[in-house]
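Undergrad: What follows is a structure written as structure tokens; I'll ask about it next.
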Amino acid sequence: MIQSQITITCAPCCWGVDDVANPHLPAWETVLDQAAKAGFGGLELGPYGYMPLDVPRVSEALGKRGLTIVAGTIFDDLVDPANREALLRQTREICALITALPKPASLDGQRVDGPYLTVMDWGHDARDFAAGHPDRAPRLDAAAWAGMMDNIRAIATLARDEFGVRAVIHPHAGGYIEFADEIARVAEDISPDLAGFCLDTGHLAYSGMDPVAALDRYWDRLDYIHFKDIDPVVYARILGEKIRFFDACAQGVMCPIGQGDIDYSAIRRLLTDKGYGGYITIEQERDPRNQAGVLGDLAASRRFLANSGF
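Per the working numbering, residue 32 is the first one in the sequence shown, and the count goes up by one each step.
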């Protein structure tokens with residue numbers, strides 16, 4: 032039997048890079064410098080507009096640091112039909128960039144080669160303030176849901192047919208694909224031939240699910256994985272507040288892996304039993320003004336994962 036391989040990568044959100052309009056973001060070259068210093072061989076591109084869409088410039092910067100890009104990101108309003116043109120423009124520009132950069136290595140046991148295009152819904156106040164609350168979060172009506180599915184199909188089709196990039200749908204706290212019922216609905220409505228899943232342990236737990244059970248349930252759709260951990264004390268407090276998801280992150284609800292309450296021993300057993308091979312990206316969202324803690328937190332997460340057999 033082939034021994035599966037797992038490579039741990041990181042993402043700019045570990046430096047607080049989520050909103051490109053935030054004036055406190057570090058320079059993208061700083062993120063590359065520190066990702067390499069922390070010992071990672073790869074990372075995600077980050078939100079659209081953060082790294083330049085300049086193939087020679089980005090390729091040279093990655094090459095100097097021994098890095099590759101494992102995924103690009105669509106993080107935008109997937110619901111509004113009027114946003115289709117912008118979504119497809121982002122898809123085309125992101126895929127053109129990531130497929131022109133040095134390709135991440137193919138790993139034994141990997142279902143689909145990278146780089147991937149993670150697809151996340153975002154930008155709705157009603158859901159942002161209801162993140163983590165399946166009982167009170169408003170759901171889309173049938174027509175709006177169908178429109179979101181059409182947007183996702185258009186993104187995934189363009190990525191696949193024009194660039195050979197696999198779109199992976201990422202349920203995200205504060206978006207309209209967050210909770211167990213919505214993930215199940217996506218799995219029914221989007222063909223596995225068109226798009227896979229990128230499940231995130233932290234978002235699953237934040238939104239009231241058991242990450243191990245969810246990874247197991249959607250194993251046949253799981254092309255890529257994100258790891259986070261949740262500080263149970265902060266989480267219990269912010270669930271009692273009316274708070275946006277990233278404001279909760281700024282208060283430290285996401286902590287270094289191994290310092291929260293997600294059962295990574297059980298996750299390791301599941302991945303071993305299933306033979307997962309591929310990339311797992313550490314994400315620990317924070318306030319970008321708290322960049323001083325990034326390298327220490329990444330080191331702690333990597334150390335814990337290495338000691339846990341990842």
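Glycine residues also receive a C-beta, built at the ideal position from the N, C-alpha and C atoms.
(1) Mark Met32 as exposed unless 16 or more other C-beta atoms lie within 10 angstroms of its C-beta, in which case mark it buried.
(2) Look at Pro223 and Thr232 and say whether their C-beta atoms are less than 7 Å apart.
(3) Mind checking whether the beta-carbon of Ser35 lies closer than 6 Å to any heavy atom of the ligand ATP?
(4) Check whether the segment 144 to 164 and the segment 196 to 205 touch, using three or more Cβ-Cβ pairs below 8 Å as the test.
(5) Could you check which residue in Asp212, Gly205, Ala267 has the C-alpha nearest to that of Phe277?
(6) Which residue wins for smallest C-alpha separation from His234, given the options Lys259, Asp254, Glu213, Val264?
(7) Throw me the rounded Cβ distance for the Pro135 and Tyr81 pair, which I believe falls under 8 Å.
(8) Check whether the segment 156 to 171 touches the segment 117 to 131, taking contact to mean three or more Cβ pairs, one atom from each stretch, closer than 8 Å.
(9) Near Leu132, which residues of its chain fall below 6 Å by C-beta distance, leaving aside the five closest residues on each side in sequence?
(10) Identify the continuous beta strand (DSSP E) that holds Gly257 and give its terminal residues.
(11) Are Thr40 and Tyr310 closer than 7 Å when you measure CB to CB?
(12) Rounded to whole angstroms, what's the CA-CA distance from Ile269 to Gly72? Just pull it up for me.
(13) Looking at the structure shown, is Ile39 part of a helix, part of a strand, or coil, going by DSSP?
(14) So what does DSSP say about Met32, is it helix, strand or coil?
(15) Is the beta carbon of Trp46 closer than 7 Å to that of Val325?
(16) Would you give the residue range spanned by the alpha helix (DSSP H) that Val243 belongs to?
TA: Reading from the atomic positions:
(1) The residue labelled residue 32 in the question sits at position 1 within the sequence shown. Residue placement at Met32 is poorly supported in this model, since its pLDDT is 38, which falls under 50; the coordinates are not used for a value here.
(2) Position 192 of the sequence shown, counting from 1, holds the residue named residue 223. Position 201 of the sequence shown, counting from 1, holds the residue named residue 232. The answer is no: Cβ separation not under 7 Å.
(3) Questions concerning the ligand ATP fall outside what the structure shown contains, since it holds no ligand whatsoever.
(4) Taking one beta carbon from each stretch, the segment 144 to 164 and the segment 196 to 205 have 3 or more pairs nearer than 8 Å; the two touch.
(5) Looking up residue 277 in the sequence shown gives position 246. It is Gly205.
(6) The sequence position of residue 234 within the sequence shown is 203, counting from 1. His234 has its Cα closest to that of Lys259, out of Lys259, Asp254, Glu213, Val264.
(7) Working through the sequence shown from its first residue, we reach residue 135 at position 104. Working through the sequence shown from its first residue, we reach residue 81 at position 50. That pair is no contact at about 19 Å.
(8) No, the segment 156 to 171 is not in contact with the segment 117 to 131.
(9) Within the sequence shown, numbered from 1, the residue matching residue 132 stands at position 101. Closer than 6 Å at the Cβ level, and outside the excluded window around Leu132, lie Ser90, Ile100.
(10) Taking the first residue of the sequence shown as 1, we reach residue 257 at position 226. Here residue 257 turns out to be His, not Gly, going by the sequence shown. Unbroken beta strand (DSSP E) run through His257: 253 to 258.
(11) Stepping through the sequence shown from its first residue, residue 40 is reached at position 9. Stepping through the sequence shown from its first residue, residue 310 is reached at position 279. Yes, the pair counts as a contact, with Cβ atoms nearer than the cut-off.
(12) Looking up residue 269 in the sequence shown gives position 238. Looking up residue 72 in the sequence shown gives position 41. When rounded, the distance between both Cα atoms is 34 Å.
(13) The residue you call residue 39 lines up with position 8 of the sequence shown. In the structure shown, Ile39 adopts extended strand secondary structure according to DSSP, grouped into three states.
(14) Residue 32 sits at position 1 when you count from the first residue of the sequence shown. Any reading at Met32 needs caution, since the residue's pLDDT is 38, under 50, leaving its predicted position unreliable; the model's value is listed next. Judged by DSSP in its simplified three-state form, Met32 adopts coil rather than helix or strand.
(15) For this step, residue 325 is matched to residue 294 along the sequence shown. For this step, residue 46 is matched to residue 15 along the sequence shown. Going by C-beta atoms, Val325 is nearer than 7 Å to Trp46.
(16) Residue mapping note: residue 243 aligns to position 212 of the sequence shown, counting from 1. Looking at the DSSP string, the run of the alpha helix (DSSP H) that includes Val243 is 242 to 248.
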